[in-house]
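With our numbering, you'll find the sequence shown wraps up at 173, consecutive numbering, no jumps.
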Amino acid sequence: MKSVVVDLNAQYIKFIKELFPNARIIIDRFHIVQLVGRALGNARISLMKKMNDCHCREYKILKAHWRLFHKDSADLEAARSVYLRGVNEYMPQQNALDLIVKNHPQFEKVYDAYQDVFNALKEKNRERLIDVLENYRRSGQNMDTAISTLKKNMAAVLNSVEYDFSNGPVEG
2 MKSVVVDLNA
12 QYIKFIKELF
22 PNARIIIDRF
32 HIVQLVGRAL
42 GNARISLMKK
52 MNDCHCREYK
62 ILKAHWRLFH
72 KDSADLEAAR
82 SVYLRGVNEY
92 MPQQNALDLI
102 VKNHPQFEKV
112 YDAYQDVFNA
122 LKEKNRERLI
132 DVLENYRRSG
142 QNMDTAISTL
152 KKNMAAVLNS
162 VEYDFSNGPV
172 EG
């Protein structure tokens with residue numbers, strides 16, 4: 002069976018199904034992570050806009066250390082303190098992240114969904130990815146749309162876990 006690797010453009014998928022009805026469609030993993038990462042970023046910005054004090058620690062962490070939220074949670078420094086510019090203090094990365102997610106439950110749901118999808122893809126764990134997508138609870142954030150898109154393309158998304166194909170060389 003032939004395979005076609007695509008991004009999440011609905012028109013591409015429709016076009017491929019018409020041209021190659023027997024082809025296995027695979028959504029590129031990069032585009033899946035990009036989709037949920039963009040939803041996480043939008044939730045972070047939305048949270049920042051709701052904050053009244055742009056000089057508080059939480060706002061500064063959200064603004065200056067946005068990469069922490071996209072980092073694999075297993076790779077966060079949990080014990081060793083690092084200097085957080087913008088916040089102007091030393092603390093473990095995990096503490097900075099916990100300060101945000103524990104005080105903002107809606108953002109925590111989005112963050113957890115991002116981490117779950119990211120890690121399911123990284124581990125190539127089909128069952129975990131199915132579990133994440135099927136058990137996601139709407140949060141009124143952009144992540145709802147991202148998860149809905151992934152569920153709508155479930156077969157192609159699951160193919161991304163099963164096969165190592167990527168459209169990176171073509172896009173690069």
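Where a beta carbon is used, it is the ideal one built from N, C-alpha and C, also for glycine. Keep in mind the model is a prediction, meaning the values are calculated, not measured.
Give, in chain order, every unbroken run of the beta strand (DSSP E) that is at least 3 residues long and sits entirely within the segment 15 to 67. 25 to 28, all fully within the segment 15 to 67.
C-alpha distance - threonine 150 paired with aspartate 8, whole-angstrom precision: In the sequence shown, the residue the question calls residue 150 occupies position 149. In the sequence shown, the residue the question calls residue 8 occupies position 7. C-alpha separation (whole angstroms): 12 Å.
In terms of residue numbering, what span does the beta strand (DSSP E) encompassing valine 6 cover?
Residue mapping note: residue 6 aligns to position 5 of the sequence shown, counting from 1. 4 to 7 is the extent of the beta strand (DSSP E) around valine 6.
Exercise for review: Name, in chain order, the residues that DSSP records as bridge partners for methionine 92.
Suggested key: The residue you call residue 92 lines up with position 91 of the sequence shown. In DSSP, methionine 92 forms a bridge with Val83.
Residue from Lys15, Ala156, Arg68 whose Cα sits closest to the Cα of isoleucine 46: Counting from one through the sequence shown, the residue named residue 46 turns up at place 45. Looking at the Cα atoms, Arg68 is the closest of the given residues.
- Query: Of all the options Asn96, Ser140, Tyr91, Ala97, which has the alpha carbon lying nearest to the alpha carbon of tyrosine 115?
  - Reply: The count along the sequence shown starts at 1 and reaches residue 115 at position 114. Ranking the options by Cα distance to tyrosine 115, first place goes to Ser140.
- Between the C-alpha atoms of glutamate 90 and tyrosine 84, what's the straight-line distance to the nearest angstrom? Here residue 90 refers to the residue found at position 89 of the sequence shown. Here residue 84 refers to the residue found at position 83 of the sequence shown. Roughly 6 Å separates the two Cα atoms.
| Beta carbon of glycine 87 nearer than 8 Å to that of lysine 61 | By one-based count along the sequence shown, residue 87 stands at place 86. By one-based count along the sequence shown, residue 61 stands at place 60. Against a cut-off of 8 Å, the Cβ pair of lysine 61 and glycine 87 comes out as a contact.
Looking at the unbroken alpha helix (DSSP H) that takes in lysine 125, where does it start and where does it end? Against the sequence shown, residue 125 aligns to sequence position 124. Here lysine 125 belongs to no alpha helix (DSSP H), and DSSP marks it neither H nor E.
**OP:** Give every residue of the same chain whose Cβ lies closer than 6 Å to the Cβ of asparagine 23, excluding the five residues on either side of it in the sequence, and list them in chain order.
**Re:** To locate residue 23, count along the sequence shown from 1; it is residue 22. The answer is none, since no qualifying residue turns up.
Do alanine 40 and valine 111 have their CB atoms nearer than 8 Å?
Position 39 of the sequence shown holds residue 40. Position 110 of the sequence shown holds residue 111. Contact: yes.
For the segment 156 to 165 and the segment 52 to 59, state whether three or more C-beta atom pairs, one from each stretch, are separated by less than 8 Å.
The segment 156 to 165 vs the segment 52 to 59: no contact.
- In whole angstroms, what is the alpha-carbon distance linking glutamate 163 and isoleucine 131? By one-based count along the sequence shown, residue 163 stands at place 162. By one-based count along the sequence shown, residue 131 stands at place 130. Going from the Cα of glutamate 163 to the Cα of isoleucine 131 covers about 13 Å.
Does the distance from the C-beta atom of phenylalanine 21 to that of valine 5 stay below 8 Å? What you label residue 21 is simply residue 20 of the sequence shown in a count that begins at 1. What you label residue 5 is simply residue 4 of the sequence shown in a count that begins at 1. Valine 5 sits close to phenylalanine 21, with the two beta carbons spaced by under 8 Å.
Self-check item: Of the residues Asn136, Leu122, Lys64, the one placed nearest histidine 32, counting alpha carbons only
Solution: For the purposes of this step, residue 32 is identified with residue 31 of the sequence shown, where counting begins at 1. Histidine 32 has its Cα closest to that of Leu122, out of Asn136, Leu122, Lys64.
- With distances taken from CA atoms, which of Ala79, Val118, Met155 is nearest aspartate 99? Position 98 of the sequence shown, counted from the start, is the residue given in the question as residue 99. Nearest of Ala79, Val118, Met155 to aspartate 99, Cα basis: Ala79.
- Query: Can you tell me where the alpha helix (DSSP H) with leucine 159 in it begins and where it stops?
  - Reply: Working through the sequence shown from its first residue, we reach residue 159 at position 158. For leucine 159, the enclosing alpha helix (DSSP H) has its first and last residue at 155 to 163.
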